[in-house]
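Heads up, the thing below is written out as structure tokens.
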Amino acid sequence: MLEKALVGSRGYWRWLMVLGAVIVLGVIAYLYQFAFGLGVTGLSRNVTWGLYIAQFTFLVGVAASAVMVVLPYYLHDFKTFGKLTILGEFLAISAVTMCMLFIFVDMGQPTRVLNVMLYPTPHSLMFWDMVSLMGYLVLNTLISHVTLDAERNAVAPPRWIKPIIILSIPWAVSIHTVTAFLYSGLAARPFWMTAILAPRFLASAFSAGPALLILFCLVLRRLTRFDAGREPIQRLAIIVTYAMLINVFFVLMELFTALYSNIPEDAEHFKFLYVGLAGNATLVPWMWASAVLSVVALVLLVNPKTRHNETTLAAACVAVFVGLWIEKGLGLIIAGFEPSPLGQVTVYTPTLPEILISLGIYAFGLFLITVFYKIALSVRGQVAA
Amino acid sequence: MGEDRRRFLKLAGLTALCAAGKGSLVRLAGAESPAKGGAAKKKIRWAMVVDPRKCLEKEACTACIDACNHAHNVPAFDNPKHEVKWIWKEPFADAFLDQDVRYIDQALTTKPVFVFCNHCDNPPCVRVCPTKATWKREDGVVMMDWHRCIGCRYCMAACPYGSRSFNWEDPRPHIKQVNPDFPTRTKGVVEKCTFCDELLDKGQLPACVTACKEKALTFGDLNDPDSEVRRLLRSRFALRRKAGLGTNPEVFYLV
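Top to bottom, those sequences are chains A and B. Quick note on the numbering used here: the first sequence kicks off at 384 and runs consecutively. Quick note on the numbering used here: the second sequence kicks off at 2 and runs consecutively.
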């Protein structure tokens, strides 16, 4: 089936070349980091995780969100999502691959990566995160391959794949729950040590992921003969709306608990995010931008008129995605380290190599999505003329 | 003090002997289990008692830090973000963030205090390490395997005391004077104080304890009621950093 990715229009190849160039830049930046050490990043003794781990966390959510099209279709026989499940699964594969790459580039000794498997340590949540992410990758690869192959041959998918698809549903929830447990089990970091972290992760995932899927559908309609149809997009929009409402609700609950109780070690992290702490306000404009984007998104999504209009819906989806990227892909990880357990606030600004490596990984993910969607649409004969 | 030192040496020597011949000894003794004969086989639990008042007289003194840095090839970086620290000075109020020290003796609380790895009895770093590159010995020393560490820095996120350092770049060019008796580290691994396990195994005291002429640092067996550390803890009130977290630090600060 892969051969379908090897024939395509000029636009297809040009797009892949652009992505390829960004990937090459990322690889060069990584070689520099590999030679010098992680000191080429903006990370420090106090802020030990930054852009890489934050992207990993955000993308686990994108990966998990495939379940929002898979669950209604397979558990509730909701036929409207029939055309979308494969797009969701391919998005999941690309996102999980990016997650693994972000973990890999964050390692101080990447050549020792196999130690995680050579010395399996069940009391470490990182071990379980590896198990759940790998499992999710295998499940989605298998499911998308088998269902797409059946579609190509114009037959029903084999019966044995159904239980595997059903298994992928709780598995999707597990990848984001285990990722939240990585953080929420640390007594040293009060900012993350909250029982609502996993539910919050899931809510933000189930709004950012489907929002991205809506945008992909709109783009595919313009560039190809694939039309997801109005109804599935509107259904996805309702999922995005509810998930975003729940996410904002959860964030407000966190803010209330931390600020009203006013326990310094809980409140200070939020102060760092929204007003700045000890003269360090690097994230403040970002966090307020995120708050404004969330409000704008909710106004556009809750109002039926703007939700039904695909132009304003697209704007809402961009606002959801960017707003949540700031919240999770910047704020959530960095604020856990500010202030440090000894009360220090250390400036963290990602460096150029760090940004290039991150862009390279995102470009690689987009490359995979492009190729996968090309294959899926070729199988269905819906590629642009 | 002399008496205590002799006792310490006897005990440490015995431990080294036991460790060396553990297999054969256990066989000879008919595989006694510590659970059954707890009293017969005494477990050692190393601990440190810090007396910050003794540091007040010589405020600029860094004898313990210098001794440690030299003994363990701890690099010195100009960039504070890349710092590697095993034992260092921290403002009293920052070291004890969870204590309200405003009205305690200002002579003490406005001065820095020495901090290092607490060698917790319930170490969060060991719990989170995905490769067992950091682990707790039977005598309570929390160890690091620099050859197994993958540099994920999960232990640094989990340590409530900021006691761990990461080699953000190759440390070797930044070591002032290399001590050939101790390994240097490579870039990309985490390191920290190990209570001088290499000296303990030879029956010697940690380098910082030996270096301190003011006797501000006392090292000994917490399980021995007659040890100097236990005597100090009996006679004076001591703080432990963030005791409420349940990590059970084995470093005590006399106030």
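Quick reminder that beta carbons are idealized off the backbone N, C-alpha and C, glycines included.
ask   = Among A:F599, A:Y435, A:P541, A:A586, which residue has its Cα nearest to the Cα of A:L470?
value = For the purposes of this step, residue 470 of chain A is taken as residue 87 along the first sequence, with counting starting at 1. Between A:L470 and the set A:F599, A:Y435, A:P541, A:A586, the nearest pair of CA atoms involves A:F599.
ask   = Whose C-beta lies closer than 6 Å to the C-beta of B:D146 among residues of the same chain, with five residues either side of it excluded?
value = Taking the first residue of the second sequence as position 1, residue 146 of chain B is located at position 145. Around B:D146: A134.
query = Taking C-beta to C-beta, are A:V623 and A:A581 nearer than 7 Å?
reply = On the first sequence, position 240 is the one that residue 623 of chain A refers to. On the first sequence, position 198 is the one that residue 581 of chain A refers to. Not a contact, by the Cβ cut-off of 7 Å.
key: Per DSSP, the bridge partner or partners of B:V191   = Taking the first residue of the second sequence as 1, we reach residue 191 of chain B at position 190. Bridge partners of B:V191: B:F167.
task = Might you give, ordered along the chain, the residues of its own chain that have their beta carbon closer than 7 Å to the beta carbon of A:A698, omitting 5 neighbours on each side?
result = Counting from 1 along the first sequence, the entry for residue 698 of chain A is found at position 315. L683, listed in sequence order.
query = Taking the continuous alpha helix (DSSP H) assigned at A:F584, which residues delimit it?
reply = What you label residue 584 of chain A is simply residue 201 of the first sequence in a count that begins at 1. Looking at the DSSP string, the run of the alpha helix (DSSP H) that includes A:F584 is 580 to 606.
task = Using a cut-off of 8 Å between C-beta atoms, extract the partners of B:T219 located in chain A.
result = Position 218 of the second sequence, counted from the first residue, corresponds to residue 219 of chain B. Close to B:T219, with beta-carbon spacing below 8 Å, lies no residue of chain A; the smallest spacing is near 24 Å.
request  = Taking only the alpha-carbon atoms, compute the straight-line gap between B:L218 and B:C209 and give it to the nearest angstrom.
outcome  = Here residue 218 of chain B refers to the residue found at position 217 when the second sequence is read from its first residue. Here residue 209 of chain B refers to the residue found at position 208 when the second sequence is read from its first residue. Each residue's Cα considered, the two are about 8 Å apart.
ask   = Tell me which same chain residues have a C-beta within less than 6 Å of the C-beta of B:I176, skipping the five on either side of it?
value = Counting from one through the second sequence, the residue named residue 176 of chain B turns up at place 175. Cβ neighbours of B:I176 beyond the five flanking positions: N74, P76.
ask   = Would A:Y413 count as contacting chain B if we go by Cβ distances under 7 Å?
value = Translated into the one-based positions of the first sequence, residue 413 of chain A becomes position 30. A:Y413 does not count as touching chain B.
Short-range partners of chain A found in the stretch 131 to 145 of chain B, where Cβ spacing is below 7 Å = Going along the stretch 131 to 145 of chain B in chain order, one finds P131, T132, K133 with a Cβ nearer than 7 Å to chain A.
inquiry  = So, under 8 Å CB-CB, A:L696 and A:A620 are touching, yes? Tell me the CB distance rounded to an integer number of Å.
reply    = Mapped onto the first sequence, residue 696 of chain A falls at position 313. Mapped onto the first sequence, residue 620 of chain A falls at position 237. Contact between A:L696 and A:A620 holds: their C-beta atoms lie close to 6 Å from each other, under 8 Å.
query = A:N429 by DSSP, collapsed to three states: which one?
reply = Position 46 of the first sequence, counting from 1, holds the residue named residue 429 of chain A. In the three-state reduction of the DSSP assignment, A:N429 falls in the coil class, being assigned neither a helical nor a strand state.
query = Looking at B:S164 and B:K193, is the spacing between their C-beta atoms short of 7 Å?
reply = Position 192 of the second sequence, counting from 1, holds the residue named residue 193 of chain B. Position 163 of the second sequence, counting from 1, holds the residue named residue 164 of chain B. By the CB criterion at 7 Å, B:K193 and B:S164 fall inside the cutoff.
ask   = So B:D222 is in the beta strand (DSSP E); what residue range does that whole segment cover?
value = As a first step, residue 222 of chain B is located in the second sequence; it is residue number 221 there, counting from the start. For B:D222, the enclosing beta strand (DSSP E) covers residues 218 to 222.
ask   = For B:P159, which residues in chain A fall below 7 Å Cβ to Cβ?
value = As a first step, residue 159 of chain B must be located in the second sequence, where it is residue number 158. As written in the sequence, residue 159 of chain B is Ala, which differs from the Pro given in the question. Those are L569, A571, listed as they occur along chain A.
task = Take every Cβ of the stretch 140 to 157 of chain B, pair it with every Cβ of the stretch 485 to 494 of chain A, and state whether three or more of those distances are shorter than 8 Å.
result = Output reads yes: the stretch 485 to 494 of chain A touches the stretch 140 to 157 of chain B.
query = Three-state secondary structure (DSSP) at B:Y254?
reply = By one-based count along the second sequence, residue 254 of chain B stands at place 253. Strand at B:Y254.
request  = Would you please verify whether the beta carbon of B:R103 is less than 7 Å from any beta carbon of chain A?
outcome  = Position 102 of the second sequence, counting from 1, holds the residue named residue 103 of chain B. No, its Cβ sits nowhere closer than 7 Å to a Cβ of chain A.
task = Verify the CB distance criterion: does B:S164 have a CB-CB separation below 7 Å to chain A?
result = For the purposes of this step, residue 164 of chain B is taken as residue 163 along the second sequence, with counting starting at 1. Judged by the 7 Å Cβ criterion, B:S164 is not in contact with chain A.
key: A:W543, buried or exposed, once every other Cβ within 10 Å from all chains shown has been counted against 16   = Along the first sequence, one-based indexing puts residue 543 of chain A at 160. A residue is called buried once 16 or more other Cβ atoms fall within 10 Å of its Cβ, and A:W543, having fewer, is exposed.
key: Own chain partners of A:F704 with C-beta closer than 8 Å, once the 5 adjacent residues on each side are dropped   = Taking the first residue of the first sequence as 1, we reach residue 704 of chain A at position 321. Cβ contact annotation for A:F704 (same chain, cutoff 8 Å, sequence separation greater than five): A591, A594, L595, L598, in chain order.
message = For B:K86 and B:D171, what's the separation of their Cα atoms in angstroms?
response = Numbered from 1 along the second sequence, position 85 holds the residue referred to as residue 86 of chain B. Numbered from 1 along the second sequence, position 170 holds the residue referred to as residue 171 of chain B. If I take the Cα positions, the gap works out to 15 Å.
query = Rounded to the nearest angstrom, how far is the Cβ of A:I579 from that of A:V453, given a contact under 8 Å?
reply = Working through the first sequence from its first residue, we reach residue 579 of chain A at position 196. Working through the first sequence from its first residue, we reach residue 453 of chain A at position 70. So it is not a contact: roughly 25 Å between Cβ atoms.
query = Which runs of the alpha helix (DSSP H), 4 residues or longer, sit entirely within the stretch 481 to 524 of chain A?
reply = The alpha helix (DSSP H) runs lying completely inside the stretch 481 to 524 of chain A and spanning 4 residues or more are 498 to 501, given in chain order.
ask   = Taking just the CA atoms, how far does A:G409 sit from A:F417?
value = Here the question's residue 417 of chain A lines up with position 34 in the first sequence. Here the question's residue 409 of chain A lines up with position 26 in the first sequence. Here the alpha carbon of A:F417 sits roughly 12 Å from the alpha carbon of A:G409.
key: Residue-chain proximity (A:L656, chain B), Cβ-Cβ < 7 Å   = Here residue 656 of chain A refers to the residue found at position 273 when the first sequence is read from its first residue. Taking CB atoms only, A:L656 has no neighbour in chain B less than 7 Å away.
key: chain B residues whose Cβ lies nearer than 7 Å to that of A:G726   = Numbered from its first residue, the first sequence carries residue 726 of chain A at position 343. Going along chain B in sequence order, the residues near A:G726 (Cβ under 7 Å) are D95, L98.
task = Run down chain B in chain order and give the residues with a C-beta less than 8 Å from the C-beta of A:T431.
result = Sequence index remark: in the first sequence, residue 431 of chain A carries index 48 (1-based). The answer, in chain order, is R154, M157, A158, F167.
query = Within the 7 Å Cβ cut-off, does B:V310 reach chain A?
reply = No information on residue 310 of chain B is available, as it lies outside the stretch 2 to 256 that chain B covers here.
request  = Check B:N80 in the structure and name its three-state DSSP category.
outcome  = In the second sequence, residue 80 of chain B corresponds to position 79, counting from 1. It is coil, neither helix nor strand.
message = Give me the residue from A:N692, A:K654, A:P647 with the minimum Cα distance to A:E614.
response = Taking the first residue of the first sequence as position 1, residue 614 of chain A is located at position 231. It is A:N692.
Environment of A:R393 [buried if 16+ CB atoms lie within 10 Å] = Counting from one through the first sequence, the residue named residue 393 of chain A turns up at place 10. By the beta-carbon neighbour count (other beta carbons within 10 angstroms, threshold 16), A:R393 is exposed.
ask   = Out of B:T211, B:T63, B:F196, which has the shortest C-alpha to C-alpha gap to B:P113?
value = Here residue 113 of chain B corresponds to residue number 112 of the second sequence, with the count starting at 1. Nearest option by C-alpha distance: B:T63.
inquiry  = Any beta carbon of chain B sitting closer than 7 Å to that of A:A617?
reply    = Indexing the first sequence from 1 puts residue 617 of chain A at position 234. Checking the displayed sequence, the identity of residue 617 of chain A turns out to be Gln instead of Ala. Between A:Q617 and chain B, the shortest Cβ-Cβ separation is not below 7 Å.
Which of helix, strand or coil DSSP assigns to B:A48 = Residue 48 of chain B sits at position 47 when you count from the first residue of the second sequence. Residue state, collapsed to three classes: strand.
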